[in-house]
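Chains as they are written, first to last, in this note's numbering: chain A, 1474 to 1864; chain B, 1474 to 1864.
All C-beta atoms in this analysis are idealised placements derived from N, C-alpha and C, irrespective of residue type, glycine included.
Please read the structure below before turning to the comments.
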């Protein structure tokens, strides 16, 4: 097969707000090779990501992502790795390239799996897709009451794990944050797995983060996620020594395997969270899973958007039976639900797993795509480099 | 002053080739506040960088760069730092943001310096702009003869230092590379400072890089630059132990201060090379200089393009008298020369320094900008988000 076309679809809610909800827009990628099609999704700013695929070359190692993909042959996983390596080298000076490639690479796996009639996790070398414990991923309420209600609802919906994130945490007092953690624990019940995500709010300030540790320990939080900037490894490494009970989690900001590795080696995280829509796709994410597992670090998917993204994010650790926790979006915006017909639902045990179907196993709903589609047109020097294609 | 407008100008040679010559296009940035104007330059892919300034918000921490700049007040260096921090947080999920911000931040310093009548290095707290030894930065020839001729010409032009980069190094045999190093040394003479840049060719493979160390030592190279990917700190750290004579240099790929710090702390580089057009601008670069100096690491600018980029890149270490080596582009494409009237020329000692004039001290030539200007138009959802402005 030869890659004949790579098409991008920029979907968005009519109104996008400043809340930390990444499901307000989406960048879908469709790759076509002969009679086969694959779909992927960039967890990234749509317009710059499209631009990074179609832009004119700046020089030999600042080429558009498209230059390493279009016209390439695809027959085996090695071909995908070859294209990823080409993007990494030939686009080394194009910062956005990794985010663009993430959705493209996902689509390449989907396409290859569809063509071969095999699920992606099988192409990755796994013999079985193990079930995972989904955690409901939601934002903290504005106050403890809202968080308590949200936690109770999650519990009522049958979840055994929940992640509360962002909101007012780190912006007010230690006591205010403690009240939030207490509320989340109370609503979730004593045996629920409680995860806390503070969205880089402490930048690199170890002491401000450490001040929250006693309250997190009292609430029996399993992990504290992203206390610092994605690359502030030294701060992670310092904070991890301050609690024997609460582990650190991070990695969603990794846009290459080095960054994930450094969070493990230098940052000491116990949970490495990879977003396949940012790290360059499924192949790099699998590399991280292979690196984490023998080191006693738990691999976790980072997913806050669609079921397409969720399927992609489950593949890299589908075969790791002991890596049980799984990010599971439950409060996404309609746009993130509209464009897939398939749902990865919880089974009778309340668990989820990567689909058994070929590729990523997710059927796209063209009508749903059209409903939220934003037309994009990019012209340079009078020439149209991109125009939203037909779906 | 209030930031009223930020305009981008995408300049390009009529034909762009795959050679590793970053001067084939340019992204100029003009910032306007009241009666004052400042200019900067992104060392980045122009189209995705423009897109990162004007794109619609995706969510609270994936906002366009413009959201943190337009309408902001600018009276002191602290205001620039505040805007940089806003971009780092509010655009944390927009990968290209750092490259976009780099040119904008440069322009903010230029504007502030122009308004105050002070050179930027003075605004940074330096009392004096020390002269530097410029190295002529050129590419290796296709074979040793071409490299020899190039080195002789550099010597004949009065340079005491030269950096040879990219070309065939690492793509063929160790012997072929040795012949190149020998040719460069021969042409440069025994007392010239020889620097070698291999453009990440060994990806993260320590042994392939180490195989070139004996030849580099024999040629008395001062540094080996970018043997590995920008974030492959562990490989840097392993290679640095293999030679007591040849230092490692790197950092041009750093798009935040963390990356530069990690190359020092984990990678053990002796020379930290910062491109102000990528790391987020002059402020972050100055932070790196402050971090490097007390640790015995030499700060070096990375500059391969215009005199505007050169002036910006000299500011962060203008006051560090002992940090003498300075990247100095000598073989740029016409586009990189056309848009500035000012030239940072070598003095009678063959040395260069950051200008004494206010701001960055570089006058833009609008006629030169127009000569290479590519019109860009970006439309999303029927709305024009960007159209090349008048110059």
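Straight-line gap, residue i to residue j (C-alpha atoms, nearest Å)
| i | j | result |
| --- | --- | --- |
| residue 1704 of chain A | residue 1678 of chain A | 13 Å |
| residue 1572 of chain A | residue 1600 of chain B | 42 Å |
| residue 1483 of chain B | residue 1548 of chain B | 28 Å |
| residue 1533 of chain B | residue 1632 of chain B | 50 Å |
| residue 1541 of chain B | residue 1841 of chain A | 33 Å |
| residue 1611 of chain A | residue 1787 of chain B | 47 Å |
| residue 1661 of chain B | residue 1653 of chain B | 12 Å |
| residue 1730 of chain B | residue 1758 of chain B | 7 Å |
| residue 1848 of chain B | residue 1519 of chain B | 12 Å |
| residue 1752 of chain B | residue 1760 of chain B | 11 Å |
| residue 1680 of chain A | residue 1565 of chain B | 22 Å |
| residue 1844 of chain B | residue 1517 of chain B | 20 Å |
| residue 1512 of chain B | residue 1576 of chain A | 35 Å |
| residue 1434 of chain A | residue 1515 of chain A | In this structure chain A extends from 1474 to 1864, so residue 1434 of chain A is not present and cannot be described. |
| residue 1823 of chain A | residue 1767 of chain B | 56 Å |
| residue 1629 of chain B | residue 1817 of chain B | 19 Å |
| residue 1584 of chain A | residue 1485 of chain A | 25 Å |
| residue 1713 of chain A | residue 1838 of chain A | 44 Å |
| residue 1803 of chain A | residue 1715 of chain B | 52 Å |
| residue 1618 of chain A | residue 1659 of chain A | 11 Å |
| residue 1505 of chain A | residue 1479 of chain A | 6 Å |
| residue 1507 of chain A | residue 1522 of chain B | 33 Å |
| residue 1863 of chain A | residue 1614 of chain A | 40 Å |
| residue 1721 of chain B | residue 1623 of chain B | 24 Å |
| residue 1770 of chain A | residue 1695 of chain A | 14 Å |
| residue 1855 of chain B | residue 1853 of chain A | 17 Å |
| residue 1561 of chain A | residue 1711 of chain B | 22 Å |
| residue 1750 of chain A | residue 1501 of chain A | 10 Å |
| residue 1732 of chain A | residue 1699 of chain A | 14 Å |
Expected contact under 8 Å - CB spacing of residue i and residue j to nearest Å
| i | j | result |
| --- | --- | --- |
| residue 1779 of chain A | residue 1499 of chain A | 6 Å |
| residue 1737 of chain A | residue 1765 of chain A | 6 Å |
| residue 1748 of chain B | residue 1775 of chain B | 4 Å |
| residue 1545 of chain B | residue 1476 of chain B | 5 Å |
| residue 1709 of chain B | residue 1723 of chain B | 7 Å |
| residue 1509 of chain A | residue 1474 of chain A | 6 Å |
| residue 1697 of chain A | residue 1669 of chain A | 6 Å |
| residue 1790 of chain B | residue 1830 of chain B | With a Cβ gap of about 18 Å, residue 1790 of chain B and residue 1830 of chain B do not count as contacting. |
| residue 1608 of chain B | residue 1800 of chain B | 6 Å |
| residue 1861 of chain B | residue 1835 of chain B | At roughly 21 Å, the Cβ-Cβ gap does not stay under 8 Å, so residue 1861 of chain B and residue 1835 of chain B are not in contact. |
Within 7 Å, strictly: CB atoms of residue i and residue j
| i | j | result |
| --- | --- | --- |
| residue 1525 of chain B | residue 1581 of chain B | no |
| residue 1637 of chain B | residue 1675 of chain B | no |
| residue 1672 of chain A | residue 1782 of chain A | no |
| residue 1620 of chain A | residue 1649 of chain A | no |
| residue 1538 of chain A | residue 1858 of chain A | no |
| residue 1578 of chain B | residue 1754 of chain B | yes |
| residue 1688 of chain B | residue 1644 of chain B | no |
| residue 1756 of chain B | residue 1627 of chain B | no |
| residue 1416 of chain A | residue 1827 of chain A | Residue 1416 of chain A lies beyond the range of chain A shown here (1474 to 1864); nothing can be said about it. |
Nearest residue (CA-CA) to residue i, options the options
| i | options | result |
| --- | --- | --- |
| residue 1593 of chain A | A:1785, A:1854, A:1821 | A:1785 |
| residue 1634 of chain B | B:1793, B:1665, B:1739, B:1625 | B:1665 |
| residue 1684 of chain A | A:1719, A:1659, A:1829, A:1706 | A:1719 |
| residue 1734 of chain B | B:1772, B:1711, B:1750 | B:1772 |
| residue 1590 of chain B | B:1856, B:1838, B:1859, B:1832 | B:1832 |
| residue 1808 of chain A | A:1495, A:1617, A:1474, A:1754 | A:1495 |
| residue 1846 of chain A | A:1644, A:1696, A:1645, A:1811 | A:1811 |
| residue 1596 of chain B | B:1603, B:1646, B:1732, B:1586 | B:1586 |
| residue 1487 of chain A | A:1615, A:1707, A:1806 | A:1806 |
| residue 1691 of chain A | A:1562, A:1606, A:1706, A:1655 | A:1655 |
| residue 1825 of chain A | A:1622, A:1604, A:1651 | A:1604 |
| residue 1616 of chain B | B:1699, B:1640, B:1689, B:1554 | B:1640 |
| residue 1741 of chain A | A:1682, A:1707, A:1820, A:1561 | A:1707 |
Practice prompt. Please list the residues of the segment 1521-1547 of chain A that have a C-beta atom closer than 7 Å to any C-beta atom in chain B, keeping them in chain order.
Written response: 1521, 1524, 1525, 1528, 1529, 1530, 1531, 1532, 1533, 1534, 1535
Practice prompt. Return the residues of the segment 1787-1820 of chain B that lie within a Cβ-Cβ distance of less than 8 Å from chain D, sorted by chain order.
Written response: Among the chains of the structure shown, chain D does not appear; the protein chains present are A and B.
Fill in: Selection of the segment 1734-1752 of chain B by Cβ proximity to chain A, strictly under 9 Å
1734, 1735, 1738, 1739, 1751
Practice prompt. Give the residues from the segment 1707-1725 of chain B that approach chain A closer than 8 Å (Cβ to any Cβ), ordered along the chain.
Written response: 1707
Item to complete: Check each residue of the segment 1493-1505 of chain B: if its Cβ is closer than 7 Å to any Cβ of chain A, include it; give the result in chain order.
Response: 1493, 1494, 1495, 1497, 1498
Practice prompt. Quick one: which residues of the segment 1843-1858 of chain A get their C-beta closer than 7 Å to a C-beta of chain B? List them in chain order.
Written response: Residues of the segment 1843-1858 of chain A with a Cβ closer than 7 Å to any Cβ of chain B, in chain order: 1847, 1848, 1849, 1850, 1851, 1852, 1853, 1854, 1855.
Item to complete: Would you list, in chain order, the members of the segment 1551-1571 of chain A that have their beta-carbon closer than 9 Å to a beta-carbon of chain B?
Response: The residues in question are 1558, 1561, 1562, 1563, 1564, 1565, 1566, 1567, 1568, 1569, 1570, 1571.
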